[in-house]
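> In our numbering, the protein residues as written are 39 to 398.
Ideal placement from N, C-alpha and C gives every residue a C-beta, glycine not left out.
Just passing along the structure, written as structure tokens.
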């Protein structure tokens, strides 16, 4: 439990993009990859749309062209369905990735992600209550609002139980998160047993996550929250480095560790709550992406936060494409795809770190 989140990275040797020149090149490459994946995400689907038609629709709405080059149907699909869906996938992927970075630093555990500190189980309980009993039982709130409230309430319990001596020791955070998560999940499972088959199916799809409900109206809140959180974390990345190295080092550098921990947890709880309320419980992004970022650029969070943000912005739209095409015309929950990719990657990390330790 006390293993540093950077242990796996250190065991695999020097990161390939640790130098400033290579780091800047990596950011440029990842930025280009995001654009390519975004174009593919808008193009691929039940109806394949060419890049010329996509550009025509987008340029018209941006005031860069007077006439659209696509048919009215393609124009509608591009602008009203696929562009907002792709942007939401990029924003959510980036948000889940940086949430994972922060949680792994705060709990000092490589398994840290939004599931570990109770936010996702709490959000699931709120959503299940609305699905099974209707919005009236929570005062008429919507499913998204119930999920947001449930996630924050569950995290508040973790916050209270983990506190000791005015601080939040990493081990207590993990234990409190696991205990609250199991407790909340027991209620979720109970409500599922009394749900109708149709309600159970809705609960299953919500818990596995989906970007399919994206619209222009649903983009603003996640984009603002995730953008603000990313900039704040980049601004405080040097203090993240100190916290990742231990609370004693943080105090020696003049950091109010308890206050910084609390601020981080509040930021990540709001960030994750907004995401889960919008798209459901998408697993493994917050767990896997931070490790890939550290493998590429090392343990310095001035680079990890930026790299993880772009990697998350690549990974989730790519997973969404796979979710749409693997069983076309049906669509898989995106959490199925992210878990199918994330689990083998963690097994790879486990095997490769074991080989390194044996060779030493």
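What three-state label does DSSP hand residue 362 in the structure shown?
helix
> From which residue to which residue does the alpha helix (DSSP H) around residue 209 run?
208–231
> Who are residue 202's beta bridge partners in DSSP?
205
> Does the region 197–204 come within contact of the region 256–271, defined as at least 3 CB pairs closer than 8 Å?
no
> Going by the beta-carbon positions, is the gap between residue 230 and residue 241 smaller than 8 Å?
yes
> Could you check where the alpha helix (DSSP H) with residue 102 kicks off and where it finishes?
No alpha helix (DSSP H) holds residue 102; DSSP gives it neither H nor E.
> I'd like the list of long-range same chain contacts for residue 55, defined as Cβ closer than 7 Å, with 5 residues on each side in sequence excluded.
61, 64, 334, 335
> Around the Cβ of residue 365, are there at least 16 other Cβ atoms within 10 angstroms (buried) or fewer (exposed)?
Residue 365 comes out exposed.
> Which same chain residues end up closer than 8 Å to residue 289 when comparing Cβ atoms and leaving out the 5 residues on each side of it in sequence?
295
> Cutting at 8 Å between CB atoms, please list the residues of its own chain near residue 299, excluding the five before and the five after it.
Answer for residue 299: 144, 205, 206, 281, listed in chain order.
> In its own chain, which residues sit with a C-beta less than 7 Å from the C-beta of residue 210, not counting the 5 before and 5 after it?
Sequence-distant partners of residue 210 (beyond 5 residues in either direction) whose C-beta falls short of 7 Å from its own C-beta, in its chain, are 200, 202.
> Would you say the beta carbon of residue 377 is closer than 7 Å to some non-hydrogen atom of the ligand COA?
In terms of ligand content, the structure shown is empty, and the ligand COA therefore cannot be addressed.
> Can you find a CB in chain D that lies within less than 8 Å of the CB of residue 83?
Checking the listed chains, one finds no chain D in this structure; it contains a single protein chain.
> Is it true that the region 296–316 meets the region 86–104, where meeting means three or more beta-carbon pairs spaced less than 8 Å apart?
Counting Cβ pairs under 8 Å, fewer than three are found: no touch.
> For residue 180, name the three-state secondary structure that DSSP assigns.
coil
> On the criterion of 16 or more Cβ atoms from any shown chain inside 10 Å, does residue 307 qualify as buried, or is it exposed?
buried
> Is it the case that the Cβ atoms of residue 66 and residue 354 are separated by a distance below 8 Å?
no
> Mapping the DSSP letters down to three states, classify residue 253 as helix, strand or coil.
Looking at residue 253 - three-state DSSP - the assignment turns out to be coil, as it is neither helix nor strand.
> What are the start and end residues of the alpha helix (DSSP H) that includes residue 370?
Looking at the DSSP string, residue 370 is not in any alpha helix (DSSP H), and its letter there is neither H nor E.
> Buried or exposed for residue 245, going by 16 or more other Cβ atoms inside 10 Å?
buried
> What would DSSP say about residue 153, mapped onto helix, strand or coil?
coil
> Check whether the Cβ atoms of residue 79 and residue 127 sit closer than 8 Å, and answer yes or no.
yes
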